Amino acid sequence: MAVQEIAQALLIDPQIIRMDMKQLLCKDRISKEAPAALLAAISKLTINRKVTGVVLVGAGRLGSALMSYAGFSAYDLSILAGFDIDPKVIKKGAYGKPVYHISEMETVCRRLDVKTAIITTPGACAQQSCDLLVQCGITAIWNFTSKTLKAPAHVMIRNENMPEILRMLSDHIK
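Numbering (full-length UniProt numbering), first residue to last: 1 to 174.
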């Protein structure tokens, strides 16, 4: 299929198609083979995407809200399981996803082969949760607790202190 045919099918100016192809294919000129190369590039971006599995510690209100959020899939992310200590939460699960007792963390993390985790526990047990996750091979942690977590240098931690952020926003409007 030529650039002209693609432009007609999509009702788009052929020049726009050429510019997009140049950008996507990192080429200065577009050859007759470019549409096939573009299709291969698009396929690589869309078909061969690998979803990154994530686990969550603290499946209470905030944790279960995050477990229910469908928007992560647009970023090739999926919360596969949660961990908690509350028997009611463990038995019920969260939005069709299993919630395990914290004592099963290492077994589950290794079985799921996850490297990313979210922590939404009370602040008092956040560091302990972080330490357990690191022992399980987790190397990236998104922390929603009020505590700033510490971990070895190879572990990336993103601390989100929601009350602090809300306070900063509130101060901005005063």
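Every residue, glycine too, gets a C-beta built ideally from N, C-alpha and C.
As the structure is a prediction and not an experimental result, all values here were calculated from the model.
| Item | Value |
| --- | --- |
| Where His-101 falls: helix, strand or coil (DSSP) | strand |
| Contact between the segment 98-117 and the segment 132-140 (3+ Cβ pairs under 8 Å) | yes |
| Delimiting residues of the beta strand (DSSP E) encompassing Ile-173 | Counting along the chain, Ile-173 falls outside any beta strand (DSSP E), and DSSP gives it neither H nor E. |
| Cβ-based neighbour list, Pro-152, same chain, cut-off 7 Å, excluding 5 preceding and 5 following | Val-134 |
| Residue burial classification, Ile-118 (beta-carbon count within 10 angstroms, cutoff 16) | buried |
| Per-residue burial, Leu-149 [other beta carbons within 10 Å of its own, 16 or more giving buried] | buried |
| Three-state secondary structure assigned by DSSP to Leu-166 | helix |
| Residues sharing a beta bridge with Val-57, DSSP | Phe-83 and Ile-119 |
| Range covered by the alpha helix (DSSP H) that runs through Ala-126 | 126-135 |
| Closest residue to Val-114 among Ser-103, Ala-140, Ala-94 and Cys-130 (Cα-Cα distance) | Ala-140 |
| Closest Cα partner of Gly-53 within the set Gly-82, Ser-64 and Ala-126 | Gly-82 |
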